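S.K.:
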Amino acid sequence: FIEYLDPSKHYFFQSDIKEFEKLKTSIDDQILANDLTFFYMVYNRYLQRLDESKSYYKEILSKPIDIQSPEIYSLDYESKAFPTSKKEMIKEWERQLKLRYLGTLYDKEMADADKLKTDSTYQMKDFSELEKESLSKTKESMDELYDRLDELDQDDYYAIFLNILTAQFEPHTSYFDPKVKKLFDISMSGKLEGIGARLQKEGEYTKVFELISGGPAWRSGELEVGDLILKVAQGDGEPLDIVGMRLDDAIEYIKGKKGTEVKLTLKKVDGTIKTI
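FYI, in this note's numbering the residues of the sequence shown are 41 to 316.
Below you can see the structure in the form of structure tokens.
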């Protein structure tokens with residue numbers, strides 16, 4: 041469970057692990073006694089460390105990254121030790137973000153060079169411009185990562201914990217949390233249908249990523265790729281604001297019985313607001 045939460049060892053400190061290890065041999069007894077002390081200890085500490093790490097990456101990416109000084113960074117996380125101090129932790133974050141930044145910078149350099157190959161009149165970007173773009177892109181990808189992590193709640197982590205636990209005893213046994221169980225029952229019964237569109241999160245919004253050929257949305261011709269869904273109403277029901285809602289929760293409100301009506305309030309690609 042600890043490895044799942046922190047595979048790269050850049051959230052927990054060694055002191056956290058030592059504290060968790062005190063309960064190492066009593067986890068099974070706790071479960072038998074309906075005691076979740078270990079789960080809550082690790083989960084709450086993880087949330088604390090996750091929140092602390094936001095300030096690390098934001099501070100590091102608030103200024104240019106020095107790529108002149110040679111450094112070694114090992115990706116063999118299994119052999120790494122957890123940091124013993126905040127100073128060690130921040131150094132770990134600096135190296136990890138530098139690696140991510142360099143990967144982005146390299147990709148942008150190659151893309152720029154490829155444009156010149158296909159268009160001899162293309163004016164290649166200055167390296168300092170590529171550096172700025174790469175820093176901005178790295179920060180953007182980190183913000184998106186934390187947005188996804190912030191969407192997970194205690195039930196999600198509890199399901200992960202129980203599935204890791206059951207796998208130790210019987211690898212063919214899975215725990216479904218109430219939301220997953222509901223989706224499973226729906227998929228097996230075939231009683232509810234979607235609108236025939238693939239959706240994805242974009243910041244706080246639910247965005248139309250793709251229309252399924254032959255589906256209701258495709259047949260209506262009113263929904264477009266790139267539209268943002270702001271509100272959802274079933275039939276004559278009151279519209280529900282889904283901005284900021286988890287994607288799987290938003291989808292639950294959009295689904296309905298075959299033949300019934302769902303009304304979507306959209307922010308169209310051209311910026312206009314429309315209900316379909």
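Glycine is no exception: its CB is placed at the ideal position from the N, C-alpha and C atoms.
Since the structure is predicted, the reported quantities are computational estimates derived from the model, not experimental observations.
1) Spatial neighbours of K138 within its chain, please: C-beta separation below 6 Å, excluding the five flanking residues on both sides.
2) Could you tell me which of I269, F216, K103 and T77 sits nearest to P279, measuring between CA atoms?
3) Can you tell me the Cα-Cα spacing of D217 and A121, whole angstroms?
4) Note down the Cα distance separating G255 from V302, rounded to an integer number of angstroms.
5) Rounded C-beta distance between K155 and Y146? I'm assuming under 8 Å.
6) What residues are listed by DSSP as bridge partners for T77?
7) Let me check one thing: in DSSP terms, what residues is R238 bridge-paired to?
8) Do you know whose CA, among K58, L72, K103 and D46, lies nearest S93's CA?
9) How far does the alpha helix (DSSP H) with A153 in it extend, from its first residue to its last?
10) Which residue from N74, A199, Y80 and A237 puts its Cα closest to that of V265?
11) Alpha carbons only, please: which of E111, E134, N74 and Y113 is nearest the one belonging to S95?
12) Should E170 go down as buried or exposed, given a rule of 16 or more other Cβ atoms within 10 Å for buried?
13) Just mark V272 as buried or exposed, buried being the case when its beta carbon has 16 or more other beta carbons within 10 Å.
14) Taking Cβ to Cβ, would you say T178 is nearer than 8 Å to L101?
15) Could you pull out every unbroken beta strand (DSSP E) segment of at least 3 residues lying fully inside the stretch 46-125, listed in chain order?
16) With distance defined between alpha-carbon atoms, name the residue in T158, F78 and I200 nearest to Y44.
17) If you reduce the DSSP assignment to three classes, tell me which class V302 lands in.
18) Work out the CA separation of L175 and K295 for me, nearest whole Å.
M.R.: Inspection of the coordinates gives the following:
1) I105
2) I269
3) 33 Å
4) 14 Å
5) Between Y146 and K155 the Cβ distance is about 15 Å, and since that is not below 8 Å, they are no contact.
6) Per DSSP, none; premise fails for T77.
7) E250
8) D46
9) K126 to T158
10) A237
11) E134
12) At residue 170 the sequence reads Leu, which differs from the Glu that was named. Result: buried.
13) buried
14) yes
15) none
16) I200
17) strand
18) 40 Å
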